[in-house]
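Read through the structure below, which is laid out as structure tokens, and then see the notes.
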Amino acid sequence: MPSLFVTGTDTEVGKTHISAALLHWCGQQGWRSAGFKPVAAGLDAQGGNEDIQNLRAASSLALTAQEVGPLQFQAACAPHIAAALEGRTIALAPLVQQARALAARSDVLVVEGVGGFCVPLGPEGDTADLAVALGYPVVLVVGLRLGCINHALLTAEAIRARGLPLAGWVANTVDPNMAHLQANVDTLRDELQRRHQAPCLGVVPRLVDTSPGAAAAYLNGVALRQRLALGSN
Ligand SMILES: Nc1ncnc2c1ncn2[C@@H]1O[C@H](COP(=O)(O)OP(=O)(O)O)[C@@H](O)[C@H]1O
Ligand SMILES: [Mg+2]
Numbered sequence: 069m070p071s072l073f074v075t076g077t078d079t080e081v082g083k084t085h086i087s088a089a090l091l092h093w094c095g096q097q098g099w100r101s102a103g104f105k106p107v108a109a110g111l112d113a114q115g116g117n118e119d120i121q122n123l124r125a126a127s128s129l130a131l132t133a134q135e136v137g138p139l140q141f142q143a144a145c146a147p148h149i150a151a152a153l154e155g156r157t158i159a160l161a162p163l164v165q166q167a168r169a170l171a172a173r174s175d176v177l178v179v180e181g182v183g184g185f186c187v188p189l190g191p192e193g194d195t196a197d198l199a200v201a202l203g204y205p206v207v208l209v210v211g212l213r214l215g216c217i218n219h220a221l222l223t224a225e226a227i228r229a230r231g232l233p234l235a236g237w238v239a240n241t242v243d244p245n246m247a248h249l250q251a252n253v254d255t256l257r258d259e260l261q262r263r264h265q266a267p268c269l270g271v272v273p274r275l276v277d278t279s280p281g282a283a284a285a286y287l288n289g290v291a292l293r294q295r296l297a298l299g300s301n
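Heads up: the sequence shown at position 101 corresponds to 169 in this note's numbering, and the numbers run straight through without jumps.
In structure tokens, the structure reads:
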């Protein structure tokens, strides 16, 4: 069974929301699903991180917060800056090791990237380097709002330029009042298929219920099963 690396067209586009939906959907298939957030920046008053909590809750495998998010920083800002504020640096090798250990205990590991695809992590490289070191097929979350077609195509090019397979993409509605939303989704579908042979794995509307199960209902189960069966690791 393959693992997946979830990236997005930007920060706050729904990577966590869609990663949680993927974890929930995998759990519904009877698979042991595990979420992984290699680097999390931004802790609440109780020392918790929302992304880690959400991924942990959506995983069908029982995991500790430390297993889901081994590297946590206080400040909610760019990860290399959050690390520097604490006099720390982000090393990639231990993160890869921790991901592999978790993947070995699960049927599907869903790794949520940090910000957009090329966000710097520190002297050792950026998020894309981490994705390459992991080697998992990438799922691109496209936050539907004006400008997203360009961001999606740039990100898809960056993923392919790193030699990683683009398993598919998920449309997530960031701006429900976006003009010509359906026409944008149609263009994304055509262009990502034509340029990158990347299928649409779901179109998620703006939801009142932001639970993983509610979003999972909008994933394309047939396409997902097909792509997961094609997984190369
Ligand atoms: N389809 C949606 N409907 C409603 N709220 C959403 C949807 N997608 C994301 N959100 C909300 O938007 C915010 C940002 O989403 P999140 O998944 O945390 O983005 P990212 O992980 O890319 O930073 C969160 O509060 C999340 O609950
Ligand atoms: Mg997130």
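Beta carbons are placed, not taken as given, at the ideal position from N, Cα and C, and that holds for glycine.
### Query
What whole-angstrom Cβ distance do residue 208 and residue 249 have, given they're in contact under 8 Å?
If you number the sequence shown from 1, residue 208 lands on position 140. If you number the sequence shown from 1, residue 249 lands on position 181. Residue 208 to residue 249, Cβ: 18 Å. No contact.
### Task
Could you check what DSSP says for residue 240 in three-state terms: helix, strand or coil?
What you label residue 240 is simply residue 172 of the sequence shown in a count that begins at 1. Strand, per DSSP.
### Residues near residue 228 by beta carbon distance below 7 Å, same chain, minus five either side
As a first step, residue 228 must be located in the sequence shown, where it is residue number 160. If you ignore the 5 residues before and after residue 228, its C-beta comes within less than 7 Å of the C-beta of 234, 264, all in its own chain and listed in chain order.
#### Entry: Given residue 226 as reference, the closest of 195, 156, 261, 272 once Cα atoms are compared
Here residue 226 refers to the residue found at position 158 of the sequence shown. Considering only alpha carbons, the answer is 195.
### Task
Between the Cα of residue 169 and those of 181, 138, 152, 147, spot the shortest distance and give me the residue it belongs to.
The count along the sequence shown starts at 1 and reaches residue 169 at position 101. 138 is the residue among 181, 138, 152, 147 whose C-alpha sits nearest the C-alpha of residue 169.
### Task
Per DSSP, which residues does residue 179 bridge with? Please list them.
Your numbering for residue 179 matches position 111 in the sequence shown. For residue 179, the pairing in a beta bridge is given by DSSP as 73, 104.
### Query
In whole angstroms, what is the alpha-carbon distance linking residue 199 and residue 153?
Start at 1 with the first residue of the sequence shown, and residue 199 comes out as number 131. Start at 1 with the first residue of the sequence shown, and residue 153 comes out as number 85. About 24 Å.
### Task
Return yes when at least one heavy atom of ligand 1 lies under 8 Å from the C-beta of residue 91, else no.
Residue numbering aside, residue 91 sits at position 23 when the sequence shown is read from its first letter. Checking every heavy atom of ligand 1 against the Cβ of residue 91, none is found closer than 8 Å.
### Three-state secondary structure assigned by DSSP to residue 88
Position 20 of the sequence shown, counted from the first residue, corresponds to residue 88. Helix, per DSSP.
### Query
If we count the other Cβ atoms within 10 Å of its Cβ and call it buried at 16 or more, is residue 75 buried or exposed?
As a working mapping, residue 75 is identified with position 7 in the sequence shown. Result: buried.
#### Entry: residue 300 in three-state terms, based on DSSP
Translated into the one-based positions of the sequence shown, residue 300 becomes position 232. Low per-residue confidence applies at residue 300: pLDDT is 38, beneath 50, and the placement is therefore not dependable, though the value from the model is reported in the following sentence. If DSSP states are grouped into helix, strand and coil, residue 300 belongs with coil.
### Query
So residue 73 and residue 189 are in contact, right, with Cβ under 8 Å, and what is the actual spacing, rounded?
Stepping through the sequence shown from its first residue, residue 73 is reached at position 5. Stepping through the sequence shown from its first residue, residue 189 is reached at position 121. Between residue 189 and residue 73 the Cβ distance is about 14 Å, and since that is not below 8 Å, they are no contact.
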